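Below: one structure, written as structure tokens.
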Amino acid sequence: MNDLPRLTRQQLAARVAQDIPEGAYVNLGIGLPTLIANYLPPEKDVILQSENGLIGMGPAPAPGEEDWELINAGKQAVTLRTGGAFFHHADSFAMMRGGHIDICVLGAFQVSVTGDLANWHTGEPDAIPAVGGAMDLAIGAKRTFVMMDLLTRSGESKLVEHCTYPLTGIGCVSRLYSDLAVIDLSPAGARVVELAPGVTIDDLRRVTGVTLGEG
Numbered sequence: 010m011n012d013l014p015r016l017t018r019q020q021l022a023a024r025v026a027q028d029i030p031e032g033a034y035v036n037l038g039i040g041l042p043t044l045i046a047n048y049l050p051p052e053k054d055v056i057l058q059s060e061n062g063l064i065g066m067g068p069a070p071a072p073g074e075e076d077w078e079l080i081n082a083g084k085q086a087v088t089l090r091t092g093g094a095f096f097h098h099a100d101s102f103a104m105m106r107g108g109h110i111d112i113c114v115l116g117a118f119q120v121s122v123t124g125d126l127a128n129w130h131t132g133e134p135d136a137i138p139a140v141g142g143a144m145d146l147a148i149g150a151k152r153t154f155v156m157m158d159l160l161t162r163s164g165e166s167k168l169v170e171h172c173t174y175p176l177t178g179i180g181c182v183s184r185l186y187s188d189l190a191v192i193d194l195s196p197a198g199a200r201v202v203e204l205a206p207g208v209t210i211d212d213l214r215r216v217t218g219v220t221l222g223e224g
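The sequence shown begins at 10 in the numbering used here and counts up one residue at a time.
Below, the structure written as structure tokens:
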């Protein structure tokens, strides 16, 4: 079932960007979520915060215009919007832990149907050795979204009944954005909000193997 039609990463980033409300303070996690910055309309007043001590982050710079003194938490070159600021790492984490971030968008290795998140370790010997700011963001932000490919390269579902990888947070993810579907998560389980063009709910149930509500 890996031949299902799916959104490109650019289309997925644009889809997430459309749901971020005006005036929101948002942290974009390392990896796929960083693409969202490129799809926020410039007239939309969304304030991006990066855990390495930056607020007011803009889209990626044009090739050749990178300033490597200006990077996000994933060490990618970024731009700074008018009014942006730099600050100490401790102040950044105070923002994250203090409930000052409206939305964080994180990647994941696994997400459970009830919103548990596993995104920092797979148990592989060469895997990332520490959780970084993911726990602080997942629990400290008012809302946590996950943006990811729904299946691994070998076709296994990353949406699961119960996470088998070490947890980042319990019941913290409210919405999953994937290349195959947008799915709301809650203690009551998973509910499909939107399907990628050409994907059916039966397709989704087959590839995930989890219970999925509709509507």
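The beta-carbon is built from N, C-alpha and C at its ideal position, and this holds for glycine as well.
Predicted, not measured: the structure shown is a model, and the values here were computed from it.
Through-space distance from residue 94 to residue 100, alpha-carbon basis: As a first step, residue 100 must be located in the sequence shown, where it is residue number 91. As a first step, residue 94 must be located in the sequence shown, where it is residue number 85. Pairing residue 100 with residue 94, the inter-Cα distance amounts to about 12 Å.
Close-in-space but distant-in-sequence residues of the same chain around residue 28 (CB under 6 Å, 5 per side omitted): If you number the sequence shown from 1, residue 28 lands on position 19. Counting only Cβ-Cβ distances below 6 Å, and skipping sequence neighbours, we find nothing.
Three-state secondary structure assigned by DSSP to residue 48: Walking along the sequence shown from the start, residue 48 turns up at place 39. Three-state DSSP puts residue 48 in a helix.
Could you pull out every unbroken beta strand (DSSP E) segment of at least 3 residues lying fully inside the segment 19-104, listed in chain order? DSSP runs (the beta strand (DSSP E)) wholly in the segment 19-104: 34-37, 56-59, 63-66 and 89-95.
Just to confirm, is the Cβ distance from residue 26 to residue 49 under 7 Å? In the sequence shown, residue 26 corresponds to position 17, counting from 1. In the sequence shown, residue 49 corresponds to position 40, counting from 1. In this structure, residue 26 sits near residue 49, with a CB-CB distance shorter than 7 Å.
If you draw a straight line from the alpha carbon of residue 97 to that of residue 142, how long is it in whole angstroms? As a working note, residue 97 is residue 88 in the sequence shown. As a working note, residue 142 is residue 133 in the sequence shown. In this structure, the straight-line span from the alpha carbon of residue 97 to that of residue 142 is close to 14 Å.
Buried versus exposed, by CB contacts within 10 Å (16 or more), residue 77: Position 68 of the sequence shown, counted from the first residue, corresponds to residue 77. So residue 77 ends up on the exposed side.
Let me confirm a value: residue 58 is counted as buried when at least 16 other C-beta atoms fall within 10 Å, else exposed. Which label applies? As a first step, residue 58 is located in the sequence shown; it is residue number 49 there, counting from the start. Buried, by the Cβ-count rule.
Could you check what DSSP says for residue 150 in three-state terms: helix, strand or coil? Looking up residue 150 in the sequence shown gives position 141. In the structure shown, residue 150 falls within a coil segment according to DSSP collapsed to helix, strand and coil.
At what residues does the alpha helix (DSSP H) containing residue 216 begin and finish? In the sequence shown, counting from the first residue as 1, residue 216 sits at position 207. 210-217 is the extent of the alpha helix (DSSP H) around residue 216.
Measuring CB atoms only, is the segment 205-217 touching the segment 177-186, in the sense that at least three cross pairs come out at less than 8 Å? Between the segment 205-217 and the segment 177-186 there are fewer than three C-beta pairs closer than 8 Å, too few to call the two in contact.
Per the contact definition of three or more C-beta pairs closer than 8 Å, is the segment 152-164 in contact with the segment 100-109? Segments in contact, no.
To the nearest angstrom, how far is it from the Cα of residue 14 to the Cα of residue 205? Here the question's residue 14 lines up with position 5 in the sequence shown. Here the question's residue 205 lines up with position 196 in the sequence shown. In a straight line, the C-alpha of residue 14 is about 7 Å away from that of residue 205.
Three-way DSSP call (helix, strand, coil) for residue 200 in this model: Locating residue 200 in the sequence shown gives position 191, counting from the first residue. Correct three-state label for residue 200: strand.
Selected residue, minimal CA-CA separation from residue 72, among 207, 62 and 87: In the sequence shown, the residue the question calls residue 72 occupies position 63. Nearest C-alpha to residue 72: 87.
Three-state secondary structure (DSSP) of residue 10: Stepping through the sequence shown from its first residue, residue 10 is reached at position 1. Any reading at residue 10 is ruled out, since the residue's pLDDT is 48, under 50, leaving its predicted position unreliable.
The beta strand (DSSP E) enclosing residue 222, as first and last residue numbers: For this step, residue 222 is matched to residue 213 along the sequence shown. That run of the beta strand (DSSP E) goes 221-223.
Are the segment 118-129 and the segment 170-177 touching by the rule of at least three beta carbon pairs closer than 8 Å? The segment 170-177 and the segment 118-129 touch, with three or more beta-carbon pairs separated by less than 8 Å.
My understanding is that residue 122 touches residue 198, with C-beta atoms under 8 Å, so please give their C-beta distance in whole angstroms. For the purposes of this step, residue 122 is identified with residue 113 of the sequence shown, where counting begins at 1. For the purposes of this step, residue 198 is identified with residue 189 of the sequence shown, where counting begins at 1. Confirmed, about 5 Å.
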